[in-house]
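Below you'll find the structure, written out as structure tokens, and then a few comments.
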């Protein structure tokens, strides 16, 4: 059941401008672009920010955009507010009037809504920058898989825009509109990938004794990998090893030379991440050798865990409380094993990453689902949260 929050808890301009903001969101939804291809998207974002009178810098991490607003109270603390911009390689099935016009591309994670809420906050704050200090509105490319957050940091985001703290927000289906969730410590898991190439010796399928079967070895490796979280990781810790691809052979009557397993690893703690990587390599090698095969392991760390700092999460909680009320904030959400490259910004600066309720998951309205759509009812809450956060951080 969707809860109700009084309109007085929302910023009045966020409710007055909601139709305009919704139109922006529908435009962005209809024109999705994937990692580092967000040219039309970044142009739309930059044009809006410039129309608000902000100082805008483009081309950071190829398609990233950062806009800066100085408070009329003069110099002071500097904070960064971040929204992601990229879409996913998914064929949309919503049949909405504003459904994707780019076949095979879709905003299935709500980044269209994230951009809209941060643009809305930028517009309202620019109308009356009644704060002391500086706000950087960070529009990041390539959150999905390609690490746009890492590239922005490596290209000097916090050298050119030296924030004291940085904040992020993601919509969360299954949580009511008008609610939020946050806590200090881990919110999202790290994201690592692996490839195990098992090499044997091909032969006729009717004469397996003449070869070294990599498929049999691969089957045992698949099972053995699951002993790592079950028997090597402390049961009070978390680790997930998910093989997601396996390739071997081309025909019915040939045992191939090689079999390949690919997958992901998710953890929260760096020491568990180290343990899993070490054990995965050892288990793959030893299991393959038991079947007279060899294993070559590629292991790549993509995203670190998303870990909120305590002080900044307390600030985020205070800001959110003014918008939705403290009783509508889950202060101890179960962390997600999904990953988020905002972690790279949190590794560089203290900050907090929060979840905003996106409403029920009816009709497969799930993240990364072809039937997903960002809930427009959440827009004024997200806009109001950003404004409240600026007021909390940079009060005159």
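Residue numbers (the UniProt record's numbering): 1 to 396.
Each residue gets a CB set at the ideal place from its N, CA and C atoms; glycine is no exception.
Per DSSP, what kind of secondary structure is residue i in: helix, strand or coil?
i, result
"residue 242", "strand"
"residue 351", "strand"
"residue 8", "Model confidence at residue 8 stands at a pLDDT of 44, short of 50, so the residue's coordinates are unreliable; what they give is reported in the following sentence. Helix, per DSSP."
"residue 337", "coil"
"residue 15", "helix"
"residue 289", "helix"
"residue 254", "strand"
"residue 76", "coil"
"residue 237", "coil"
"residue 120", "helix"
"residue 315", "helix"
"residue 177", "coil"
"residue 272", "helix"
"residue 110", "coil"
"residue 247", "strand"
"residue 375", "coil"
"residue 28", "helix"
"residue 330", "strand"
"residue 130", "coil"
"residue 86", "coil"
"residue 263", "strand"
"residue 322", "helix"
Report yes if the C-beta distance between residue i and residue j is below 9 Å; otherwise report no.
i, j, result
"residue 142", "residue 115", "no"
"residue 384", "residue 323", "yes"
"residue 256", "residue 202", "yes"
"residue 137", "residue 49", "yes"
"residue 290", "residue 338", "no"
"residue 125", "residue 387", "yes"
"residue 353", "residue 167", "yes"
"residue 122", "residue 67", "yes"
"residue 279", "residue 238", "no"
"residue 347", "residue 173", "no"
"residue 129", "residue 88", "no"
"residue 212", "residue 292", "yes"
"residue 110", "residue 389", "no"
"residue 193", "residue 147", "no"
"residue 189", "residue 350", "no"
"residue 18", "residue 78", "no"
"residue 221", "residue 344", "no"
"residue 248", "residue 215", "yes"
"residue 145", "residue 35", "yes"
Taking the beta strand (DSSP E) that residue i belongs to, which residues open and close that run?
i, result
"residue 199", "191-199"
"residue 209", "Taken as a continuous stretch (DSSP letters only), residue 209 belongs to no beta strand (DSSP E), as it is neither H nor E."
"residue 55", "55-60"
"residue 380", "Here residue 380 belongs to no beta strand (DSSP E); instead the alpha helix (DSSP H) covers 379-393."
"residue 137", "134-140"
"residue 170", "165-172"
"residue 67", "64-70"
"residue 295", "294-303"
"residue 185", "185-188"
Are there 16 or more other CB atoms within 10 angstroms of the CB of residue i, so buried, or fewer, so exposed?
i, result
"residue 276", "buried"
"residue 180", "buried"
"residue 283", "buried"
"residue 230", "exposed"
"residue 7", "Residue placement at residue 7 cannot be trusted, given a pLDDT of 40 that sits under 50; what the coordinates show is reported in the next sentence. Counting Cβ neighbours within 10 Å, residue 7 comes out exposed, since fewer than 16 surround it."
"residue 286", "exposed"
"residue 140", "buried"
"residue 26", "buried"
"residue 326", "exposed"
"residue 206", "exposed"
"residue 369", "buried"
"residue 311", "exposed"
"residue 4", "In this predicted model, residue 4 has a pLDDT of only 40, less than 50, meaning its place in the structure is not dependable enough to derive any value."
"residue 355", "buried"
"residue 160", "exposed"
"residue 245", "exposed"
"residue 301", "exposed"
"residue 254", "exposed"
"residue 313", "buried"
"residue 393", "buried"
Hey, could you find the ends of the alpha helix (DSSP H) residue i is sitting in?
i, result
"residue 152", "148-154"
"residue 93", "Neither: residue 93 is in no alpha helix (DSSP H) and is coded neither H nor E."
"residue 306", "Residue 306 -> not in any alpha helix (DSSP H); beta strand (DSSP E) instead, spanning 306-308."
"residue 47", "39-51"
Following a CB-centred definition, is residue i positioned closer than 8 Å to any heavy atom of the ligand ATP?
i, result
"residue 164", "As far as ligands go, the structure on display features none, and thus does not contain the ligand ATP."
I believe residue i touches residue j by the beta-carbon criterion, under 8 Å. Please report the beta-carbon distance rounded to the nearest angstrom.
i, j, result
"residue 28", "residue 107", "7 Å"
"residue 303", "residue 340", "7 Å"
"residue 182", "residue 308", "7 Å"
"residue 71", "residue 149", "Their Cβ separation, rounded to whole angstroms, is 26 Å, which puts residue 71 and residue 149 out of contact at 8 Å."
"residue 86", "residue 38", "6 Å"
"residue 391", "residue 131", "6 Å"
"residue 228", "residue 243", "Between residue 243 and residue 228 the Cβ distance is about 12 Å, and since that is not below 8 Å, they are no contact."
Could you tell me whether any Cβ in chain C is nearer than 9 Å to the Cβ of residue i?
i, result
"residue 71", "Note that chain C does not occur in the displayed structure, where there is just one protein chain."
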